[in-house]
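In what follows, a single structure is set out as structure tokens and then discussed.
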Amino acid sequence: MAHIIANGVRLHVQRMRPADPGAPPLVLIHGLLDTMASYYFTIAAAVAGLGFDVIAYDLRGHGRSERPRQGYGVDDATDDLTGLLTELGVAGPVHLIGFSWGGTVAFRFAHRFPDGVASLIVIESEPPTVAWADRAIDGLRELSAHLSDAEEVARTELGALVPAMARRLTRRARELAVATTLVEDITDRTGLVDVYPDGWLRCPLLLIVGGDSRLHSRLDAIVGLLPPCDVVVVPGQHHQLLAFAPGEVAAAVLPWLAARRDARAGAVAP
Amino acid sequence: MTTETVLAEIGDLIREVLDGYDLGAVPITSDTSFDADLAFESIDLVVLGTLLAERYGSGIDLAGFLSARTLSEIITLRVGDLAGYVTARLEHA
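Chains as they are written, first to last, in full-length UniProt numbering: chain Z, 1 to 270; chain U, 1 to 93.
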């Protein structure tokens, strides 16, 4: 198992590296209470198959990475990613894929380091704003409220579909809430932006949204924060697109990424 | 390499992934469920995938193997399913 100290924290990293030493680097960023497994079981191998140097890692406090008590704000997460890329010796712009909170981290990374990102794919994510942070915390509180009641967990969207997964998510929420300052850190105003200026995002962007998700109901407002971008709506799906619609996510992601790869190589995209 | 040999080796790798977690009297057989019997987290499967590739070579692609399965199939995965996959890949290597 590969661990790397990045930004002072021991992070669990897995790399799927093709033989081509010039393969463009691509980082997968998972969501809150999740791990890199959400990609490993779904699109990671296919993305590596396109010829990308795929880097997956567990965020601090998650999976097999270290769980320090503090440092769970969006800028801590982007500092961790910067440290990780430095330690791995990855120079030049990276392609980023983020799910949920991971997408929010990717947006912030692209905002802070506009020359550091070649392209951005976000799944069920929005840029970090004060309103976003308030909603994220409401979601965590909602999950926490259900923690002690198995029947309540079973009634949640996820619990009805995959009880084992819902039980684990609630347990992880409890562990993180007790052992870390995650809830306080996420609502910390550092890294949250209320009004994004024109041109704040310079890389190509693909936004993937579940047709029945809460985020979809605010899609116009979110797109309003962004430069012109590609949007794919997966009908009939809620928030957990990687878990429940991996085929649809792959169908959106793979051709889009292949075109970005070919553009970089100077070839004409089909 | 027989499925029995692979099964025994995978059992050792599983114990390595769980690293000191006391499995007690739980025997690891082809019928052992990663979720129900071993309380494997999804990230534990990722780590097991790394160990499998180290042991048997990069032809053992657990990410690819799991990508072809639904979430429910991954949750109900049994050790025998994995041993069967590894044995088949080794035979075709």
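Using N, Cα and C, we set each Cβ at its ideal position, and we do this for glycine too.
Here the structure is a predicted model, which is why all the values come from computation and not from measurement.
Through-space distance from residue j to residue i, alpha-carbon basis
i                         : j                           : result
isoleucine 4 of chain Z   : leucine 11 of chain Z       : 5 Å
tyrosine 57 of chain Z    : leucine 77 of chain U       : 24 Å
leucine 85 of chain Z     : aspartate 79 of chain Z     : 10 Å
isoleucine 121 of chain Z : methionine 1 of chain U     : 43 Å
aspartate 20 of chain Z   : phenylalanine 52 of chain Z : 9 Å
leucine 257 of chain Z    : valine 26 of chain U        : 45 Å
arginine 214 of chain Z   : arginine 108 of chain Z     : 21 Å
valine 231 of chain Z     : threonine 3 of chain U      : 47 Å
arginine 135 of chain Z   : proline 93 of chain Z       : 31 Å
arginine 55 of chain U    : valine 86 of chain U        : 11 Å
valine 268 of chain Z     : aspartate 262 of chain Z    : Residue placement at valine 268 of chain Z is poorly supported in this model, since its pLDDT is 44, which falls under 50; the coordinates are not used for a value here.
aspartate 115 of chain Z  : arginine 69 of chain Z      : 31 Å
arginine 15 of chain U    : glutamate 73 of chain U     : 22 Å
leucine 81 of chain Z     : valine 223 of chain Z       : 25 Å
serine 67 of chain U      : threonine 42 of chain Z     : 5 Å
histidine 111 of chain Z  : arginine 174 of chain Z     : 31 Å
glycine 71 of chain Z     : alanine 91 of chain Z       : 25 Å
glutamate 66 of chain Z   : leucine 52 of chain U       : 24 Å
alanine 37 of chain Z     : serine 42 of chain U        : 6 Å
asparagine 7 of chain Z   : leucine 18 of chain U       : 27 Å
alanine 36 of chain U     : methionine 165 of chain Z   : 12 Å
alanine 221 of chain Z    : valine 178 of chain Z       : 34 Å
C-beta atoms of residue i and residue j nearer than 8 Å
i                        : j                        : result
glycine 211 of chain Z   : glutamine 237 of chain Z : yes
glycine 61 of chain Z    : threonine 180 of chain Z : yes
leucine 13 of chain U    : leucine 48 of chain U    : yes
glutamine 14 of chain Z  : valine 46 of chain U     : yes
glycine 80 of chain U    : serine 30 of chain U     : yes
glycine 73 of chain Z    : aspartate 188 of chain Z : yes
alanine 93 of chain U    : glycine 59 of chain U    : yes
cysteine 203 of chain Z  : alanine 118 of chain Z   : yes
glutamate 124 of chain Z : leucine 241 of chain Z   : yes
proline 18 of chain Z    : alanine 48 of chain Z    : yes
Residue i - containing beta strand (DSSP E), residue span
i                         : result
tyrosine 57 of chain Z    : 53 to 57
glycine 98 of chain Z     : 94 to 99
isoleucine 186 of chain Z : Note, isoleucine 186 of chain Z: premise wrong, no beta strand (DSSP E); alpha helix (DSSP H) at 182 to 187.
arginine 89 of chain U    : Where arginine 89 of chain U is concerned, there is no enclosing beta strand (DSSP E), although the alpha helix (DSSP H) it sits in stretches over 79 to 92.
isoleucine 74 of chain U  : Not the beta strand (DSSP E): isoleucine 74 of chain U falls in the alpha helix (DSSP H), residues 71 to 75.
glycine 53 of chain U     : The amino acid occupying residue 53 of chain U in the given sequence is alanine; glycine does not appear at that position. Unbroken run through alanine 53 of chain U is the alpha helix (DSSP H), 42 to 56; no beta strand (DSSP E).
isoleucine 4 of chain Z   : 2 to 6
isoleucine 29 of chain Z  : 25 to 29
Cβ neighbours of residue i in the same chain (closer than 6 Å, five flanking residues each side left out)
i                           : result
tryptophan 132 of chain Z   : Glu126
leucine 28 of chain Z       : Tyr39, Ala56, Ile97
glutamate 248 of chain Z    : Val234
cysteine 229 of chain Z     : Leu205, Leu207
arginine 64 of chain Z      : His12, Asp58
phenylalanine 34 of chain U : Phe40, Leu77
alanine 245 of chain Z      : Val234, Gln237
Buried versus exposed call for residue i [16 or more other C-beta atoms within 10 Å across all chains shown]
i                        : result
threonine 35 of chain Z  : buried
histidine 239 of chain Z : buried
proline 197 of chain Z   : exposed
alanine 2 of chain Z     : exposed
alanine 251 of chain Z   : exposed
threonine 104 of chain Z : buried
glycine 191 of chain Z   : buried
serine 217 of chain Z    : exposed
proline 255 of chain Z   : exposed
threonine 32 of chain U  : buried
Same chain, Cβ closer than 7 Å to residue i, five either side skipped, listed in chain order
i                     : result
leucine 32 of chain Z : Ser100, Trp101
leucine 82 of chain U : Ile10
Chain-order list of residues whose beta-carbon lies under 8 Å from that of residue i (same chain, five-residue window excluded)
i                     : result
valine 130 of chain Z : Arg189, Leu192, Asp194
N- and C-terminal bounds of the alpha helix (DSSP H) containing residue i
i                         : result
glycine 224 of chain Z    : 219 to 224
isoleucine 123 of chain Z : Where isoleucine 123 of chain Z is concerned, there is no enclosing alpha helix (DSSP H), although the beta strand (DSSP E) it sits in stretches over 117 to 123.
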